[in-house]
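Presented below is the structure to which this report refers.
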Amino acid sequence: QVGLVESGGGLVQPGGSLRLSCVASGIAFSGYAMGWYRQAPGKQRDLVAVITAGATTNYADSVKGRFTISRDNAKATMYLQMNSLKPEDTAVYYCNARRLRSDIWGQGTQVTVSS
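Sequence positions in the sequence shown follow the numbering used here and run -4 to 110.
So, in C-alpha cells, the structure goes:
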C-alpha cells in the first residue's frame, strides 16, 4: 500500500528543536524527490525544504540555516531537523514524494512553537 506517515511534531518553546520523520511505504523511495511543506491556519501550503533523489537540497529562505532535510534510502525515511524554532514556524507539516506523474502526500503533523 502506497503511503507516507509523518511523526515527530509537538509543542516546543521558541528557540527549541524538533525532528520530524516521514516513513514511506509501497514506493521505490530512492527514486523519488522528497519534500516538506507546511500550512499555517488561513494560509496556503508552502514549501519548506526538498531533497532530490540525488540528495541535492533546497530550502525556503525563512528556514535556511535553521532547518536541515535529509533522507535514509535504506529505511525509506526522510527527516527534517528543525532548530531555533520561532512562533512563525507553527503549522501543520506535510511530507511529499514526487516522481514523474506520481505525487503523494502524508496526513501531516502539527508543530506548535509557543511559550
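Cβ coordinates follow ideal geometry from the N, Cα and C atoms, glycine included.
Predicted, not measured: the structure shown is a model, and the values here were computed from it.
Other residues of its chain near residue i: CB distance less than 7 Å, five sequence neighbours each side excluded
i, result
"LEU6", "THR107 and SER109"
"ARG94", "GLY26, TYR27 and ALA28"
Distance between beta carbons of residue j and residue i, contact taken as under 8 Å
i, j, result
"ILE86", "ARG33", "Going by the sequence as given, residue 86 is Ala instead of Ile. Confirmed, Cβ separation roughly 4 Å."
"THR104", "SER2", "6 Å"
"GLN39", "SER20", "In fact, because the Cβ distance is near 28 Å, the residues do not count as touching under 8 Å."
Neighbour-count burial assignment, residue i, 16 or more Cβ in a 10 Å radius
i, result
"LEU75", "buried"
"ASP41", "exposed"
"THR51", "exposed"
"GLY30", "buried"
Opposing strand residues paired with residue i [DSSP bridges]
i, result
"GLY(-2)", "SER20"
"THR85", "For THR85, which the question treats as bridged, DSSP gives no partner whatsoever."
"GLN39", "Note: GLN39 sits in no beta bridge, so no partner."
"ASP67", "THR72"
"LEU13", "MET77"
"TYR54", "ALA44"
"TYR32", "LEU42 and TYR89"
Beta-carbon contacts of residue i that lie in its chain and below 6 Å, excluding the five residues immediately before and after
i, result
"PRO64", "What sits at residue 64 in the sequence shown is Ile, not Pro. Taken in chain order, the residues that qualify are ALA44, ILE46, THR52 and LEU75."
### Message
Pairs of beta-carbons, one from the segment 35 to 51 and one from the segment -1 to 18, closer than 8 Å: are there three or more?
### Response
no
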